[in-house]
Every structure is written in C-alpha cells, then in structure tokens.
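These notes are about the structure you will find just below.
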Amino acid sequence: MQKPVQITFRNMDSSPALEARIRRRVGKLERHFEPIMSCQVAVEARHRHHHRGNVYHVRIAVTVPGAELVASRDPERDHAHEDPYVAFRDALRALIRQLEDHARRVRQDVKHHEPAPVGRVREIDHGAGRGIIETADGREIAFWRNSVVDQAFEHLSTGDRVRFAEAVGDEGPVASTVYRLGKQYPPD
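To convert, take the position in the sequence shown, counting from 1, and add 59; that gives our numbering.
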C-alpha cells in the first residue's frame with residue numbers, strides 16, 4: 060500500500076484491538092489487487108436503540124489506479140452489526156468482491172463459452188420416447204423425451220436441426236439437453 064491506512068472512529072472511543080485487526084486485514088488486500096494507493100476505514104457507532112445496543116456502520120474506501128472503490132454495510136438491517144468486528148468483516152468482504160471484479164475488468168478477463176454443438180435428428184421413435192442425433196463429424200448421440208426442452212419432443216422429426224449438451228451415459232454419449240432449432244413447432 061502506497062499510503063498508510065487511515066482509520067477513523069466516530070461517536071465511539073477508539074479501540075486498539077479493533078484498529079490492530081483492521082490494519083492486519085487491510086494489509087492483505089493487495090492479494091486481490093495490486094497496487095492499492097490508499098485506504099480509509101471509518102467505524103461509526105450509530106444512535107442507541109431502546110430495544111438493543113449500538114449498531115456499527117463501517118465504510119471502507121480504497122483508491123486503486125483508475126478507480127475508487129467504496130464498501131459499506133447498512134447496520135439497520137443486520138442485528139449482527141451490534142458487534143463492530145462483524146460490521147468490519149462484512150464491509151471488508153464486500154470490498155474484496157469489488158477489488159476482484161475490478162481486477163478482472165483491468166485484465167479484461169472475459170468468459171469464453173464454447174458454442175453448444177449442433178446436429179440433426181437422424182432417428183426418432185415417439186412411442187419409445189428416444190432418438191438419435193447425428194453430429195457434423197458423423198458421431199451418434201442418443202437422447203430421450205425428458206432431455207428435450209419445452210416439451211418439444213412430440214414435434215421433433217427426422218432431419219430437424221438441434222443444439223444439445225453432451226454427456227457420458229452408460230452406453231456412450233448422450234444428449235442431456237436438446238433444443239430444437241429453426242422453425243417453431245406449433246403450440247399445444
């Protein structure tokens with residue numbers, strides 16, 4: 060961290076034990092994103108309630124290249140925030156999620172999904188409730204009535220194009236999910 064952590068206590072006495080925990084845990088934030096330029100933590104005791112004790116609001120602001128990330132938790136919604144350590148833990152978890160998301164954006168990580176394979180229905184037996192898909196590379200994939208999405212099994216016929224998710228069955232490859240492509244089947 061380029062600047063030392065700034066910790067502020069509002070409406071409460073400072074706590075050396077809480078301050079030590081904050082410094083120790085904030086010091087580990089660079090595991091999630093580096094470099095962190097600055098970090099400010101504010102621990103605030105909110106007003107007293109008649110039926111319970113103080114609730115604590117913790118706000119953590121971190122400056123990283125290109126962004127300022129802020130995490131806080133609304134203590135009014137959570138009775139656990141009557142403990143300042145729990146309020147800090149919850150705010151820190153939220154900040155860590157933000158840091159990880161920011162790191163992914165900076166690295167331009169994008170999930171790449173393989174397109175689902177496409178084939179044609181080679182055989183279909185409506186009475187037995189099963190069929191066979193032939194893939195572009197000539198493989199045969201078995202499927203059953205319950206693997207066809209939107210109850211479209213009865214509307215499938217030989218030659219229909221389908222998209223499917225392949226799995227390994229007891230007797231070879233099977234289609235665990237089958238989507239009919241192209242023309243829409245008539246409504247029931």
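Don't be surprised by glycine CBs; every beta carbon is placed ideally from N, CA and C.
So residue 99 and residue 79 are in contact, right, with Cβ under 8 Å, and what is the actual spacing, rounded? At roughly 17 Å, the Cβ-Cβ gap does not stay under 8 Å, so residue 99 and residue 79 are not in contact.
According to the Cβ coordinates, are residue 158 and residue 128 closer than 8 Å? A contact, by the Cβ cut-off of 8 Å.
Under the three-state reduction of DSSP, which class applies to residue 184: helix, strand or coil? Note: residue 184 maps to strand in three-state DSSP.
Cβ atoms of residue 177 and residue 30: under 8 Å apart, would you say? Outside the shown range of the chain (60 to 247) lies residue 30, about which nothing can therefore be said.
Need the endpoints of the alpha helix (DSSP H) that residue 151 sits in, please. For residue 151, the enclosing alpha helix (DSSP H) begins and ends at 143-166.
Status (buried if at least 16 other CB within 10 Å, exposed otherwise) for residue 140: Counting of Cβ neighbours within 10 angstroms places residue 140 among the buried residues, the total reaching 16 or more.
Spatial distance of residue 73 from residue 149 (CA atoms): One C-alpha to the other measures close to 20 Å.
DSSP on residue 204, reduced to helix/strand/coil? Helix at residue 204.
Exposed or buried, what is residue 123 when buried is set at 16 or more other beta-carbons lying within 10 Å of its beta-carbon? So residue 123 ends up on the buried side.
Among 117, 234 and 115, the one whose alpha carbon lies nearest that of residue 224: The residue with the shortest Cα to Cα distance from residue 224 is 234.
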